[in-house]
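Peer 1:
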Amino acid sequence: MLRPHDLIWINNAQSLTTQDTMPEWVTQQWRTSLPLVVRRDVQDGGRIPVGIRGMKRSQRAAGWVDEQSVVRCVTPESLIADPIALLQSSFVSLPPVQVLIMLMQTPWPWVWGVTGSCGYALATDIPVMHTDSDLDLVLRCPQKTTAEELAHFAERIAQVQLPCRTDVQVETPTRGFCSDRMATR
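The sequence shown lines up with residues 1 to 185 when you count with the working numbering.
Rendered as structure tokens:
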């Protein structure tokens, strides 16, 4: 089952459609060797809502793909499953990856993973992340989670002097929401 923030690859570029005209940068830059980001929206008859990412921060577009064209999926959780892979990543010296390594040393009560430019870079080895990049995380909370539990998580993160801003998206069975910015430089 695909969830928001999963990165997916498709085998048929014609399966990718947008509600309006496809932006010119998409036709120039995007190809099936690049992932799409599953986004939160209504599925349209087996079509998966996705985000298309360009090389510039301003290049983002919403689209849909046919479910049967998905050939690969990388979850935010899988990107942090192997600490050795993170340590061997070409991005290990960048602050967002340093924070991931620090956070991995603490057992958390939730399944969590990395999204945003850091997740995209780790999944593709494309250098879209830089020294000033934020770290975007997703917490998957399949059971009811109290505001107190989330506040405790935020407090523990705030106790550490993180080298980059860290934003957290909380996913529950019924919705997703952005937590307040957890920490700043």
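Built from N, CA and C at the ideal position, the CB exists for glycine as well.
1. Does the contact criterion of 3 or more C-beta pairs under 8 Å hold for the region 135–142 versus the region 108–121?
2. May I ask which residues mark the beginning and end of the beta strand (DSSP E) holding cysteine 73?
3. In the DSSP output, what is isoleucine 48 paired with across the bridge?
4. I need the DSSP call for glutamate 171, collapsed to helix, strand or coil.
5. Output the distance between the C-alpha atoms of arginine 53 and valine 38, rounded to the nearest integer angstrom.
6. Is it buried or exposed, glycine 119, if we count other Cβ atoms within 10 angstroms and call 16 or more buried?
7. Using DSSP bridges, identify the partner residues of histidine 2.
8. So, for valine 128: in the same chain, excluding its five sequence neighbours on each side, which residues have a beta-carbon less than 6 Å away from its beta-carbon?
9. Please state the DSSP three-state secondary structure of tryptophan 110.
Peer 2: According to the structure shown:
1. yes
2. Within the sequence shown, residue 73 is the residue found at index 73, counting from 1. It spans 70–74 - the beta strand (DSSP E) in which cysteine 73 sits, taken as one unbroken run.
3. Counted from its first residue, the sequence shown places residue 48 at position 48. Note: isoleucine 48 sits in a beta bridge opposite Val65.
4. For the purposes of this step, residue 171 is identified with residue 171 of the sequence shown, where counting begins at 1. Three-state result, glutamate 171: strand.
5. Taking the first residue of the sequence shown as 1, we reach residue 53 at position 53. Taking the first residue of the sequence shown as 1, we reach residue 38 at position 38. Cα-Cα distance, rounded: 11 Å.
6. For the purposes of this step, residue 119 is taken as the residue at position 119 of the sequence shown. By the 10 Å Cβ count, glycine 119 comes out buried.
7. Mapped onto the sequence shown, residue 2 falls at position 2. Note on identity: in this sequence residue 2 is leucine, with histidine being the wrong assignment. Leucine 2 is not bridged to any residue.
8. Here the question's residue 128 lines up with position 128 in the sequence shown. Hits under 6 Å: Ser117, Tyr120, Ala121.
9. For the purposes of this step, residue 110 is taken as residue 110 along the sequence shown, with counting starting at 1. Tryptophan 110 falls in the coil class under three-state DSSP.
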